[in-house]
Amino acid sequence: MRTTKLPESQQRAVLRTALWLAAVACALFVYTLWRGMK
Amino acid sequence: MATAHHDEHPTGVLRWLTTTNHKDIGTLYLVFALIMLFVGGAMALVIRAELFQPGLQIVQPHFFNQMTTLHALVMIFGAVMPAFTGFANWQIPLMIGAPDMALPRLNNWSFWLLPFAFTLLLSSLFVPGGGPAGGWTLYPPLSVQGSMGTDFTILAIHMMGISSVLGAINVIATILNMRAPGMVLLKMPLFVWTWLITAFLLLAVMPVLAGAVTMLLTDRHFGTHFFDASGGGDPVMFQHVFWFFGHPEVYILILPAFGIASQIIPTFARKPLFGYESMVYATASIAFLSFIVWAHHMFTVGMPLAGELFFMYATMMIAVPTGVKVFNWVATMWKGSLSFETPMLFAIAFVMLFTIGGFSGLMLAIVPADFQYHDTYFVVAHFHYVLVSGAIFAIIAGAYYWLPKWTGHMYNETLGKWHFWLSVIGFNLTFFPQHFLGLAGMPRRIPDYALQFTEFNQWSTVGAFMFGFSQLLFVAVVVKAARGGKKAGARAWEGAEGLEWTVPSPAPYHTFVTPPHIK
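Below, the structure written as structure tokens:
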């Protein structure tokens, strides 16, 4: 069970990093399929 | 910082299903990896038992092919990668002074995808037509023609890929956002650095593998012809896409091992790591180069000469940063006050044997030589020196090193040393003769062979059983340490440095609730 609540700014920084990275991963997956179709 | 700290957590199975604690999740990963090591190891022993003599004795060729394919998939995705993720979960927050991973619920999900993925993968053995049998590289056309087991494999790879990408996102978000005040990037322990770079590699290449196997799936069932020459597709394109994932994957399997060795060697040499910054830059260089060498796995497909030369020279360049690392480890030991506890023995064996694997890799990088070595046992010997005496020896070294921190007890040193010597002798007996088999022309992935290869194969099989069964000693050591033994102090090793050695052993359920200040 999580017992430490991070400060708001740190929470936002974590979320921003994670969402950017997830977007990059999704883009790479789509790009691979797109290259395959060319 | 608002904190409400209490150590209560559910007990029994519910604790492990619902946990978001990095130490619990680290333990889950490590136990899972150990189980998979034995599953993949059992498959290896089926292979070696069949190869003890020429001719077919124990298994049918189709089952043999399933064993070679699944052995690789289980060891890579089930044993080595989860083991390193287990170390990451346990150690990264402790090493950077963070209370937990940045995304604890995501962390739970990343782990719990794995048992389902591997149940799916291994259950493919029981469907009509059996499991995947075309090799772990899943090259078409074999993988397009394979049984339903191949579909199970594709879906299992998707699940493992999602798990790895989520794990990588968590590691990066943790390291970039959760470091204790004063822990600037160039003060981070090498293990944290190697994992940061590994996580970027994972994030860059797992989606590419997912794309490749998705195209395989649509070729199999939805009428596409990505890899079917008769429909305008190209089977060689699969090899390019696969190895664009596959070569960085090799570094995903070895960079955290470099990190572990870089923690252990200074501890038992009682000296700071030689060339810390050059180690960081060498790791980053290796990661960069790993993206521009993929076609050295496919020199024999018929590439233009300019392409072959480019990939040959680019591959050889990797020897430079790798050489920097090996030099730095040796220089760390030079004139150190060395002692040879089990983690150090495994770390030294790692440096020596991994280097042998590196040299045979250089031999394979030479295009005209590779035309001779390609698809022979020389390649099998090469990558086992890199991945067994490289990755797995480092994992074992790390387990011995941090076991006192995890369990609060020192392990049995005598049993540890027995485990080391049996492993190192068994390993070399298994894989060193395979160099000669390959040079003499024995192809890989075959259940039968010509008579002249018999003697080396017999040595290899004896070594494999010795190596395999000696791992039971490792289990005995771990279980004994978990259940009791000599109490370990906060700093379990005299020469150990770093934040993880400032907290008691075993590490409390919650650590660094208030971040430490790094000077």
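Taken in sequence, the protein lines are chains R and H. Heads up, the first sequence is in the numbering used here, so the first residue is 1 and it goes up one at a time. Heads up, the second sequence is in the numbering used here, so the first residue is 1001 and it goes up one at a time. Even glycine gets a Cβ: it sits at the ideal position worked out from N, Cα and C. A quick note: this is a predicted structure, and the numbers were derived from the prediction, not measured.
- Between residue 1078(H) and the set 1220(H), 1065(H), 1156(H), 1329(H), the nearest pair of CA atoms involves 1156(H).
- Residue contact with chain R for residue 1172(H): present (Cβ-Cβ distance below 8 angstroms to some residue of chain R).
- Ranked by Cα distance from residue 1283(H), the options 1164(H), 1241(H), 1226(H), 1193(H) are led by 1193(H).
- Rounded to the nearest angstrom, the gap between the Cα atoms of residue 1418(H) and residue 1517(H) is 41 angstroms.
- Apart from the 5 residues on each side of it in sequence, residue 1162(H) sits with its Cβ closer than 7 angstroms to the Cβ of 1113 in its chain, given in chain order.
- In this structure, residue 1350(H) places its C-beta atom within 8 angstroms of the C-beta atom of residue 1393(H).
- With respect to chain H, the C-beta atom of residue 25(R) has a partner C-beta closer than 8 angstroms.
- Short of 8 angstroms from the beta carbon of residue 1301(H), and not among the five residues preceding or following it, lie these beta carbons of its own chain, in chain order: 1236, 1239.
- In its chain, beyond the 5 residues on either side, 1299, 1308, 1312 have a beta carbon closer than 7 angstroms to the beta carbon of residue 1367(H).
- Here the C-alpha atom of residue 1485(H) lies approximately 35 angstroms from the C-alpha atom of residue 1252(H).
- Going by DSSP, residue 1477(H) is part of the alpha helix (DSSP H) stretching over 1454-1483.
- Residue contact with chain R for residue 1301(H): absent (no Cβ-Cβ distance below 8 angstroms to any residue of chain R).
- Between residue 1259(H) and residue 1191(H), the gap from beta carbon to beta carbon is short of 8 angstroms.
- For the segment 1112-1142 of chain H, there are no residues whose beta carbon sits under 9 angstroms from a beta carbon of chain R.
- Of the other Cβ atoms in all chains shown, 16 or more fall within 10 Å of the Cβ of residue 1179(H); this residue is therefore buried.
- By the C-beta density criterion, residue 1345(H) is buried, having at least 16 other C-beta atoms within 10 angstroms.
- Bounds of the alpha helix (DSSP H) holding residue 1040(H) are 1022-1050.
- Between residue 1329(H) and residue 1315(H), the alpha-carbon positions lie close to 22 angstroms from each other.
- With a threshold of 16 other beta carbon atoms within 10 Å, residue 1306(H) falls short and is exposed.
- At a cut-off of 8 angstroms between C-beta atoms, residue 1093(H) does not count as an interface residue with respect to chain R.
- Against chain R, the CB of residue 1214(H) has a partner CB under 8 angstroms away; the residue lies at that interface.
- Cβ atoms of residue 1242(H) and residue 1137(H) come within 8 angstroms of each other, at about 6 angstroms.
- Residue 1382(H) is classed as buried because its beta carbon has at least 16 other beta carbons within 10 Å across all chains shown.
- Between residue 1131(H) and residue 1068(H), the gap from beta carbon to beta carbon reaches 8 angstroms or more.
- Contact note: residue 1177(H) reaches chain R through 10, 13, 14, 17, using a C-beta cutoff of 8 angstroms and chain order.
- Residue 1437(H) places its beta carbon 8 angstroms or farther from that of residue 1385(H).
- At a Cβ-Cβ threshold of 8 angstroms, residue 1173(H) and residue 17(R) count as neighbours.
- Residue 1068(H) is not bridged by DSSP to any residue.
- In the DSSP assignment, residue 1400(H) falls within the alpha helix (DSSP H) that extends over 1393-1407.
- For residue 1382(H), the enclosing alpha helix (DSSP H) covers residues 1377-1386.
- Selection 1435(H), 1108(H), 1467(H) evaluated against residue 1424(H) yields 1467(H) as nearest (Cα-Cα).
- With a cut-off of 8 angstroms on Cβ pairs, the segment 1455-1467 of chain H is not in contact with the segment 1395-1414 of chain H, counting fewer than three such pairs.
- For residue 1189(H), the secondary structure class from DSSP, reduced to helix, strand or coil, is coil.
- Take the alpha-carbon of residue 1159(H) and the one of residue 1337(H): they are about 46 angstroms apart.
- Flagged as an interface residue toward chain R: residue 1169(H), by a C-beta distance shorter than 8 angstroms.
- Counting C-beta atoms within 10 angstroms of its own C-beta, residue 1380(H) has 16 or more neighbours from the protein chains shown and is therefore classed as buried.
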